[in-house]
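Chemist: Protein chains in written order, with numbering that gives the first Met the number 0: chain L, 0 to 387; chain E, 0 to 170. Even glycine gets a Cβ: it sits at the ideal position worked out from N, Cα and C. Predicted, not measured: the structure shown is a model, and the values here were computed from it.
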Amino acid sequence: MLHFVSLINKIKKVRAKDLIVNIESHYKKIILPFVLLAAGIFMAAIDINPQYVDPYKLEYPDYFGNRISIPENNPTTKQGVYLGRMLFYETKLSSNKTISCASCHQQKLAFTDGRAFSLGVDNVPTKRSSMSLANLLWVRNFFWDGRAKGLEEQAKFPLSDPHEMGNYLDKAVIELKKTKEYPILFKEAFGSTEITSEKITKAIAQFERTLISANSHYDQYLRGEYKPSEQELKGMELFMNAPIPEKNIRGADCAQCHGTPKMYMELFHNNGLDAEPKDIGREEFTGAENDKGRFRVATLRNIALTAPYMHDGRFKNLEEVLDHYNEHIALSRTLSITLKNRSNNLNGKNLGLTANEKSNIINFLKMLTDSTFINDPKFSDPHLKRHQ
Amino acid sequence: MKKHFLSLILATSLFFVGISNDLLAQNSSKEPVVKVEGEVLKTLSLSLSDLAKMPHVQATMKNREGKLQEYSGVPIIEILKQAGVTLGKELKGENLTKYMLVRGSDGYEVIFSLAELDPAFTNRVIILADKKDGKPLEDGVGPFRLVVPEENRPARSVLEVSHLIIKFAKE
């Protein structure tokens, strides 16, 4: 009898053990999918830089500094830049299918169009001259009046303007969806074939950030690889120096506003074009009277290629620009203080540069032309290559 | 009836006074101001008349030619106190990595560390000037200019000041 009881107990123990093992394996079956699901959600949540994009390495000289602007929600990627380049040269973004960004921003002209005012879809001239594009990575407020914060914001303006590209962005989205290549390119750049106007401006902004000009003779001179001519050196000195007639120091003081190796500072000044400007410039955007006639101090990178000059293209060549700063500054309440009472002559009424000095400064300005930049295949029309 | 008529006139005139005040307020939105923002407890937008109500002191700086010039204005520290910036006893630890970015309306920008502005650290008084020789500042300089005494170059004495922005230096 005793033996029987102990046997029963043994069986019970075995069953209990089996039962525990069974329960455990059952739990495992339930828990495993949960664990996988949680891991999936967790990975998706932390995956801000998905696997399908490669970062684009923006290369520029140390002397440009690193005060660059790239929004966190639009990192520069190889796929995004390529898509942006395709869109930059895409005429389907305009209402009559003839205008792309590149129509007014042509690479051979350092991304301007050689005109005082550009013509859009309906041949109505733009209000201001098309700006050259170079080293936009360091620009924070875009356009002649600084109204757009960031390249993504900037790109919306010409796309949405009825006279520039014909306010066609929403319809262009539909057009691009119908193509074979664009849904794939958007998937590669942004992870899904969905095309939106926001993704279009993001991609264009990514491409524009890569437009870095840093191989002019001036850059080569800064790196010790180019020996400037005597005229270029004299021009450079005049460009950098402020005039102090008491000490016999001659200068044009251009660097006061166009200084630093980038040849660009983010400033908005009234440079004395008119006593009473027809185009009130930055005042239109800020509403502040002190901004009347103020415009962006333009980059001088590739300046010899970007004629005609000023926001209204009123000067045909660099000679006319130098004549303006030397002899024709129009006085007004908002004239930049840096252009007031500056002269190379004691009690002089204007800057007082000689013809020879002006010519030397122009020689220096020509040192800022970057032929690598305007011929770089990375910035050229990708559609042409495809059709060849 | 006469009473009603009078009260109607009164109400109508009050209405128009109200409208003209609104219009004035709209116009004044375009008047130049200095905005104080960033790491502040209270953002400020100071007009010339706001500044006139604050305590003024004199400050002297060298101009580009090296000549001394005297201005009158409000110590920056007083403006920052009004905005609730961490100063005095609070200016320690990580707060010592804060800076003030000064922006002119032409986009020109310079910075000062908070410790450069606080009397607990320095005796130099930097002011936001609104007058020179008792007169408003000239076009292109004012209506507000920073005056930084004891500096050899006037490059940080920002002209046409439009913003004082307090920020953390982020490495």
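#1: Just checking: is the beta-carbon of residue 49 (chain E) within a distance shorter than 7 Å of some beta-carbon in chain L?
#2: Give me the Cα-Cα distance between residue 161 (chain L) and residue 120 (chain L), rounded to the nearest whole angstrom.
#3: Under the assumption that residue 367 (chain L) contacts residue 316 (chain L) (Cβ atoms under 8 Å), give the Cβ distance between them as a whole number of angstroms.
#4: Excluding the 5 residues flanking residue 23 (chain E) on each side, which residues of the same chain have their C-beta closer than 8 Å to its C-beta?
#5: Taking a cut of 7 Å between CB atoms, which residues from the stretch 82-116 of chain E lie near chain L?
#6: Are three or more beta carbon pairs between the stretch 139-148 of chain E and the stretch 60-80 of chain E nearer than 8 Å?
#7: Which residues in chain L have a C-beta closer than 8 Å to the C-beta of residue 29 (chain E)? List them in chain order.
#8: Which residue wins for smallest C-alpha separation from residue 126 (chain E), given the options E:138, E:108, E:158 and E:104?
#9: Could you give the DSSP three-state label for residue 97 (chain E): helix, strand or coil?
#10: To the nearest angstrom, how far is it from the Cα of residue 129 (chain E) to the Cα of residue 356 (chain L)?
#11: Would the beta-carbon of residue 466 (chain L) fall within 7 Å of that of residue 91 (chain L)?
#12: Could you please tell me which residues of the stretch 326-344 of chain L, in chain order, have their CB closer than 8 Å to any CB of chain E?
#13: Counting Cβ pairs, one atom from each stretch, are 3 or more of them under 8 Å apart for the stretch 371-386 of chain L and the stretch 104-114 of chain L?
#14: Which bits of chain E does residue 267 (chain L) rub up against, with CB to CB less than 7 Å?
#15: Output the residue ranges of the beta strand (DSSP E) runs that lie fully inside the stretch 107-155 of chain E and measure 3 residues or longer, sorted by chain position.
#16: The beta strand (DSSP E) with residue 184 (chain L) in it runs from where to where?
#17: What residue from L:94, L:193, L:116 and L:271 has the CA that sits closest to residue 338 (chain L)'s CA?
#18: Helix, strand or coil for residue 124 (chain L) per DSSP?
#19: For residue 162 (chain E), tell me which candidate among E:35, E:29, E:115 and E:30 has the shortest Cα-Cα distance.
#20: Using DSSP's beta-bridge definition, name the partner residues of residue 308 (chain L).
#21: What separation, rounded to the nearest whole angstrom, lies between the Cα atoms of residue 74 (chain E) and residue 322 (chain L)?
#22: Can you give me the start and stop residues for the alpha helix (DSSP H) that residue 239 (chain L) sits inside?
#23: The alpha helix (DSSP H) spanning residue 157 (chain L) covers which residue range?
#24: Nearest CA to the CA of residue 227 (chain L): which residue from L:277, L:86, L:360 and L:261?
#25: Contact defined as beta carbons within less than 8 Å: I believe residue 83 (chain E) pairs with residue 113 (chain E). What is the distance between those atoms, to the nearest angstrom?
#26: Which parts of the stretch 48-88 of chain L are runs of the alpha helix (DSSP H), unbroken and 4 residues or longer, counting only runs that do not cross its ends?
#27: What is the DSSP secondary structure of residue 199 (chain L), counted as helix, strand or coil?
Modeler: Concretely, from the data shown:
#1: no
#2: 8 Å
#3: Between residue 316 (chain L) and residue 367 (chain L) the Cβ distance is about 15 Å, and since that is not below 8 Å, they are no contact.
#4: Legend: pLDDT at residue 23 (chain E) = 44, less than 50; position of this residue unreliable, value from coordinates given subsequently. Cβ neighbours of residue 23 (chain E) beyond the five flanking positions: none.
#5: 104, 105, 106 and 107
#6: yes
#7: The answer, in chain order, is 286, 287 and 288.
#8: Minimum Cα-Cα distance from residue 126 (chain E) among the listed residues E:138, E:108, E:158 and E:104 corresponds to E:158.
#9: strand
#10: One C-alpha to the other measures close to 40 Å.
#11: Because chain L here runs from 0 to 387, residue 466 (chain L) falls outside it and cannot be looked at.
#12: 332, 333, 334, 335, 336 and 339
#13: yes
#14: 105 and 106
#15: 108-112, 126-131 and 144-146
#16: Unbroken run through residue 184 (chain L) is the alpha helix (DSSP H), 180-189; no beta strand (DSSP E).
#17: L:271
#18: strand
#19: E:35
#20: Bridge partners of residue 308 (chain L) according to DSSP: L:314.
#21: 43 Å
#22: 229-239
#23: 150-159
#24: L:360
#25: Between residue 113 (chain E) and residue 83 (chain E) the Cβ distance is about 13 Å, and since that is not below 8 Å, they are no contact.
#26: 77-87
#27: helix
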